[in-house]
Structure formats: C-alpha cells, structure tokens
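In this text, residue positions in the sequence shown follow this note's numbering: the first is 535, and each later residue adds one.
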Amino acid sequence: MSSEPRPPASVPLSEPEIGGNAWAYVKECLDTGWVSSVGSFVERFEREVASYVGAGHAVAVVNGTAALHAALLAVGVRPGDEVLVPALSFVAPAATIRYCGAQPVFVDADPATWQIDPAKIERFLEEECDTTSAGCVDRGTGRPVRAVLAVHVLGLACDIDRIAVAALRHGLRVVEDAAEAMGVRHRGRHAGTAGDAGAFSFNGNKIVTTGGGGMVVTGDPEIADRLRYLTTQAKDDPLEYVHNEIGYNYRLTNLQAALGVAQLEHLDEFVERKRAIAYAYEKALRDLGGVTPMPTPRGCDPTYWLYTVLLEDATLERRKEVVGRLRERGIEARPIWHTLHDLPPFRDCAAYRIEHATLIYERGISLPSSVGLTPDDQERCIAALKESLGS
Ligand SMILES: *Cc1c(COP(=O)(O)O)cnc(C)c1O
C-alpha cells in the first residue's frame, strides 16, 4: 500500500445522477427478456418525453446525433442543399448536415446570448439569397437553402420564434438541436417544439441520460411516420423484407428506455439543482472581476446545463493556461467548443460574418455542473478559479 497522501478527488464536469426507479425498471427488462429495440419502456419513454415537452409525437433513437440525422432527412434535407447552423456549437449538428450530403453554412453567435444570431440569419437570407416560389437559393453558390438547424447551446435557448418567422418567410424548414436543452423553455414553450422537428440527447453528460440515447419530437404526424420508417431500416412490409429506401438501424433499446423513464421522474429536481449551481457560481463570480458570468437570454427558462464563463479580454493562450491550472487542481473545467467553421472538415464551407463566436470560443470555460455537485465541491471550484486567474 502506498503511503503517499492521496490528492482530493477531482470534481467532474458533468456526471449522471442514477437513482430512483432505475434499478427496478432495468431489472424488469432483464427479468422479462424485453431488452432490445421493442418493448413497453420504449413506448412509455416516447409518450412521457412527448408529454413533458408538449410535442405531438416522439421517436426514440440510439443517440442525439442519430436524432439530428433522422430529423434532417425527415424534413427533406437532400444532397447539395445548404443548412444554416451556428459556428459555436458541439460538432454533431454540423456533422449530421454532412451525413445528408448537404453543406453547412455557419452563422455567428449573438454576443448577448451565445446562441445562433437570428439577426444574422435574417440578413443572410435577405442579402445573400433569392427566395422564389421554387424556394430559397444561395446566390453565391446556386444551392438551395433548405433548413435552419438551430442549436440551443449550454442549457439556454436561442430565439427560436424569431428564427421560425425568418424560416417561414423564406420557405425553410426548422430543426432544433435541443440536445443540451432538456428542461429549457423559451417564452413558455419547451425547446425543440417550435420547429418542424427537435432532437434531444440522453448521453451520459446530459441532464437526463439513458447511457446513450436520443429522441426526435415533432408536431407533424407525417414527419413522425417518416422518422419511424427511416430509423427502423426503412421497412416497407412487416413480414417480407421489402425496403424501398435506404434506412438506418437507429432505434433505442428497451433497456436504455427503462433508464430514461426512471431519469425523467427526476428531471424537475435536476433542473432545480442546475439552477441553484448556476446562481451560486454567479453570486461568487460577481465580485471576482475579469470574468463574465453566463447570460440568461430574454424569455428563456434555463437549466444552465454546463455553467460557462468568459475570461474578459483573454487571449486563447491565457484561456488555455487557466483551464490547465484548474485541471491541475482537480477541477475538470473544459474550454467551450472550438468554432466549427475553422475545423478541417468544414474549412471549405461558407461562414457568414463570424466575429462573436470566435471571441466566445477563445474566452469560454465550462465549470463543473453535475446535478450531484456538492456545495463543498462547488466552493473548491470557485476557489480554484480565483487562484487560477492570478497571474
Ligand atoms: C450531445 C450533443 C449532441 C449529440 O448527442 P449524442 O447523444 O452524444 O449523439 C448533439 N448536439 C449537441 C448540441 C450536443 O450537445
């Protein structure tokens, strides 16, 4: 046995909180043999998510990325189309546009909300595109602009109402990436339910987890049918192996759905905890100076999924140094995502007037935000941040 003093356990960025009926429901799957992609928990999970978010239909899938891919296909995104997407986001939405053979057009973040900037979407559509009865065409590339993939980032909401109005005016579809926004509302409406389809993730770091999992919600029964069809191998006959299109094996298993149903029973509690964590950070940071706390966009009931701050006027090097110091102290801080438009797979894509996304990327640090974060551990995070800011 080593006699070395053990360093205090590190504080994770975002850990799942497993409890309640999770064991009982998963055991029920094991005891009954209903472990695969058909079963009562899948249907129940779909019904309960639909009801929680206020959507007409929900289709459970293997993960949030598959949810986005299926949603884009189901609303009619085709090879050669363009889809507007924020430059400041996790990579999955941009990747799924490419899965469809379409091209992302990256849009800047609004500095007041860190979300995709609706004013820049409007400006792009008005100044760079021609909208005719045949649809909206990017004048520069000649490609059809088919959809906006609006991402609600970090447990806040983007201004989806304004985006939906612009999309409607130009004949675009709207898909919402609400992977980080379970529990988030915008003007009273749950994230993911204002557009043609909305995608959720139940990855281990999200507020509700199934280990891995996702869900697409929609109010349109035709889109719902299309989603079910595409995610179950495009099966055209219940018995004979007839497939008239290429489909995907994207359905969630009953085992995972069982965990999801148990998790959902605690979602309101989890949201309360996340908010309390955010308020505690905000209170501590107010006096600190040099750090911009996370915004709360107007009309948004947030969850602050990952509590994120900006180091005022910091360079990329300075931000890297501060993240490094936090991690040395056992605090699992993380930089916000690298802007997408300047990553190698997307360098040939259009990027529309990007300024603020870059500044947020250079300065943003996400702090530990697990639902189970204890007040003591949060104190440690705050103290470590203070120390790490010292020069
Ligand atoms: C997590 C996440 C996804 C992908 O979800 P997975 O379940 O991990 O595939 C998509 N978009 C955003 C914004 C995310 O944060």
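The C-beta atom is built at its ideal place from N, Cα and C for all residues, glycine as well.
message = I'd like the list of long-range same chain contacts for residue 915, defined as Cβ closer than 7 Å, with 5 residues on each side in sequence excluded.
response = Along the sequence shown, one-based indexing puts residue 915 at 381. If we look at residue 915 and ignore the five residues flanking it on each side, its Cβ neighbours are 545, 865, 901 and 902.
ask   = Count the other CB atoms within 10 Å of the CB of residue 878; is the residue buried (16 or more) or exposed (fewer)?
value = Within the sequence shown, numbered from 1, the residue matching residue 878 stands at position 344. The residue is exposed, with fewer than 16 neighbouring Cβ atoms inside 10 Å.
ask   = Is the beta carbon of residue 549 within less than 8 Å of some heavy atom of ligand 1?
value = For the purposes of this step, residue 549 is identified with residue 15 of the sequence shown, where counting begins at 1. Every heavy atom of ligand 1 is 8 Å or more from the Cβ of residue 549, so no.
task = Count the C-beta pairs between the region 735-748 and the region 627-635 that are closer than 8 Å, then say yes if the count reaches three, no if not.
result = Judged by pairs of C-beta atoms under 8 Å, the region 735-748 does not touch the region 627-635, as fewer than three such pairs exist.
task = Look up residue 570 in the DSSP assignment and say whether it is helix, strand or coil.
result = Here residue 570 refers to the residue found at position 36 of the sequence shown. Looking at residue 570 - three-state DSSP - the assignment turns out to be coil, as it is neither helix nor strand.
inquiry  = Going by beta-carbon coordinates alone, are residue 643 and residue 894 separated by less than 9 Å?
reply    = What you label residue 643 is simply residue 109 of the sequence shown in a count that begins at 1. What you label residue 894 is simply residue 360 of the sequence shown in a count that begins at 1. Yes, the Cβ-Cβ distance between residue 643 and residue 894 is below 9 Å.
task = Could you name each continuous beta strand (DSSP E) segment of 3 residues or more that falls completely within the region 723-804, going from the start of the chain to the end?
result = You should have 731-735 and 748-752.
ask   = With distances taken from CA atoms, which of 869, 870 and 885 is nearest residue 876?
value = Against the sequence shown, residue 876 aligns to sequence position 342. Of 869, 870 and 885, the residue nearest in Cα terms is 885.
request  = With DSSP collapsed to three states, give me the class of residue 550.
outcome  = Here residue 550 is taken as the residue at index 16 of the sequence shown, counted from 1. Three-state result, residue 550: coil.
task = Going by CA-CA distance only, name the one from 848, 784 and 756 that's closest to residue 609.
result = On the sequence shown, residue 609 is found 75 positions in, with the first residue counted as 1. When only C-alpha atoms are compared, the closest one is 756.
ask   = Quick one: Cα of residue 633 to Cα of residue 648, how far?
value = Taking the sequence shown and counting its residues from 1, the one referred to as residue 633 is at position 99. Taking the sequence shown and counting its residues from 1, the one referred to as residue 648 is at position 114. Rounded to whole angstroms, residue 633 to residue 648 spans 26 Å at the Cα level.
inquiry  = Please report the distance separating the alpha-carbon of residue 574 from that of residue 821.
reply    = Counting from 1 along the sequence shown, the entry for residue 574 is found at position 40. Counting from 1 along the sequence shown, the entry for residue 821 is found at position 287. Their Cα atoms are separated by approximately 51 Å.
request  = For residue 784, count neighbouring C-beta atoms within 10 Å of its own C-beta (all shown protein chains included) and say buried if the count is 16 or more, exposed if not.
outcome  = Within the sequence shown, numbered from 1, the residue matching residue 784 stands at position 250. By the 10 Å Cβ count, residue 784 comes out buried.
task = Check whether the region 708-715 touches the region 683-699, counting contact only when three or more Cβ pairs, one atom from each stretch, lie closer than 8 Å.
result = yes
task = Return the first residue and the last residue of the alpha helix (DSSP H) that residue 857 is part of.
result = Looking up residue 857 in the sequence shown gives position 323. It spans 850-862 - the alpha helix (DSSP H) in which residue 857 sits, taken as one unbroken run.
inquiry  = Closer than 8 Å to a non-hydrogen atom of ligand 1 - does that hold for the CB of residue 627?
reply    = For this step, residue 627 is matched to residue 93 along the sequence shown. True, at least one ligand heavy atom lies under 8 Å from that Cβ.
ask   = Is the beta carbon of residue 743 sitting closer than 9 Å to the one on residue 550?
value = Taking the first residue of the sequence shown as 1, we reach residue 743 at position 209. Taking the first residue of the sequence shown as 1, we reach residue 550 at position 16. In contact: residue 743 and residue 550 (Cβ atoms closer than 9 Å).
ask   = Does DSSP put residue 683 in a helix, a strand or coil?
value = Position 149 of the sequence shown, counted from the first residue, corresponds to residue 683. Residue 683: strand per DSSP, three-state reduction.
message = Under 8 Å: does the beta carbon of residue 623 sit that close to some heavy atom of ligand 1?
response = Working through the sequence shown from its first residue, we reach residue 623 at position 89. Yes - ligand 1 has a heavy atom lying nearer than 8 Å to the Cβ of residue 623.
task = Compute the Euclidean distance between the alpha carbons of residue 913 and residue 868, then round it to the nearest angstrom.
result = As a working note, residue 913 is residue 379 in the sequence shown. As a working note, residue 868 is residue 334 in the sequence shown. Using only the alpha carbons, I get a separation of about 18 Å.
key: Under 9 Å between C-beta atoms of residue 728 and residue 780   = The residue labelled residue 728 in the question sits at position 194 within the sequence shown. The residue labelled residue 780 in the question sits at position 246 within the sequence shown. For residue 728 and residue 780, no; Cβs fall outside 9 Å.
key: Selection from 677, 919 and 654 that minimises the alpha carbon distance to residue 664   = Taking the first residue of the sequence shown as 1, we reach residue 664 at position 130. The shortest Cα separation from residue 664 among 677, 919 and 654 belongs to 677.
ask   = Going by other Cβ atoms of all chains shown within 10 Å of its Cβ, with 16 needed for buried, is residue 616 buried or exposed?
value = Here residue 616 refers to the residue found at position 82 when the sequence shown is read from its first residue. When all chains shown are included, residue 616 counts as buried.
task = Could you give the DSSP three-state label for residue 885: helix, strand or coil?
result = Start at 1 with the first residue of the sequence shown, and residue 885 comes out as number 351. If DSSP states are grouped into helix, strand and coil, residue 885 belongs with the strands.
message = By the three-class DSSP mapping on this structure, what secondary structure does residue 922 have?
response = One-based indexing of the sequence shown puts residue 922 at position 388. Here residue 922 sits in helix by DSSP.
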